[in-house]
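Undergrad: Structure incoming, see below.
Numbering (my numbering), first residue to last: 1 to 148.
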């Protein structure tokens, strides 16, 4: 879809195409940093919640505990996280970023900021505020439709 002709497209197609391009940029950033599917968001959640339990992580990621276990095993093998026994519950583990995990998290945050800045390069502060307001309304309307 040619960006110059996008304004004449149906809104749903514009939104879908724009979201796909953004998702492709995020995948490229994740791949550049050695992350696989599901790992970028898990890395961000663990970074914001050092010592989180596997159960809490699965809840925050909206995945099953078994999926969280598989995801964490891959992240451990990649040297991104380590699991330590929970001092309050010997059956549970707490998850922490390793030194490498912190480095990759920092690189991801920097890359995400660069992508956001590039996407908004021709926007004034007023444009950004209006875009956020309208996108929030759009999101809320979709939420109501889905959860009515």
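C-beta: ideal position from N, C-alpha, C; glycine also.
State the DSSP-derived secondary structure class of residue 124, mapped to helix, strand or coil.
TA: Residue mapping note: residue 124 aligns to position 124 of the chain shown, counting from 1. Three-state result, residue 124: coil.
Undergrad: Is DSSP giving residue 93 helix, strand or coil here?
TA: To locate residue 93, count along the chain shown from 1; it is residue 93. In the structure shown, residue 93 sits in a strand (DSSP, three-state: E or B).
Undergrad: Rounded to the nearest angstrom, what separates residue 125 and residue 74 at their Cα positions?
TA: Here residue 125 is taken as the residue at index 125 of the chain shown, counted from 1. Here residue 74 is taken as the residue at index 74 of the chain shown, counted from 1. In a straight line, the C-alpha of residue 125 is about 41 angstroms away from that of residue 74.
Undergrad: Near residue 60, which residues of its chain fall below 6 angstroms by C-beta distance, leaving aside the five closest residues on each side in sequence?
TA: Residue 60 sits at position 60 when you count from the first residue of the chain shown. Within the same chain, residue 60 has close Cβ partners 45.
Undergrad: Count the C-beta pairs between the stretch 69-83 and the stretch 107-114 that are closer than 8 angstroms, then say yes if the count reaches three, no if not.
TA: At 8 angstroms Cβ cutoff, the stretches do not touch.
Undergrad: Between the C-alpha atoms of residue 145 and residue 139, what's the straight-line distance to the nearest angstrom?
TA: Locating residue 145 in the chain shown gives position 145, where the first residue counts as 1. Locating residue 139 in the chain shown gives position 139, where the first residue counts as 1. For residue 145 and residue 139, the distance between alpha carbons rounds to 10 angstroms.
Undergrad: Take residue 123 and list the residues in its own chain whose beta-carbon comes closer than 6 angstroms to its own, dropping the five residues that flank it on each side.
TA: As a first step, residue 123 must be located in the chain shown, where it is residue number 123. Same-chain partners within the cutoff: there are none.
Undergrad: Using the C-alpha atoms, what's the distance from residue 141 back to residue 5?
TA: Residue 5 sits at position 5 when you count from the first residue of the chain shown. Residue 141 sits at position 141 when you count from the first residue of the chain shown. When rounded, the distance between both Cα atoms is 26 angstroms.
Undergrad: Tell me which residue opens and which closes the beta strand (DSSP E) that residue 85 is part of.
TA: Here the question's residue 85 lines up with position 85 in the chain shown. Where residue 85 is concerned, the enclosing beta strand (DSSP E) stretches over 81-86.
Undergrad: What do you get for residue 108, buried or exposed, if any count of 16 or more other CB atoms within 10 angstroms of its CB means buried?
TA: If you number the chain shown from 1, residue 108 lands on position 108. The residue in question, residue 108, is buried, as its Cβ has 16 or more Cβ neighbours within 10 Å.
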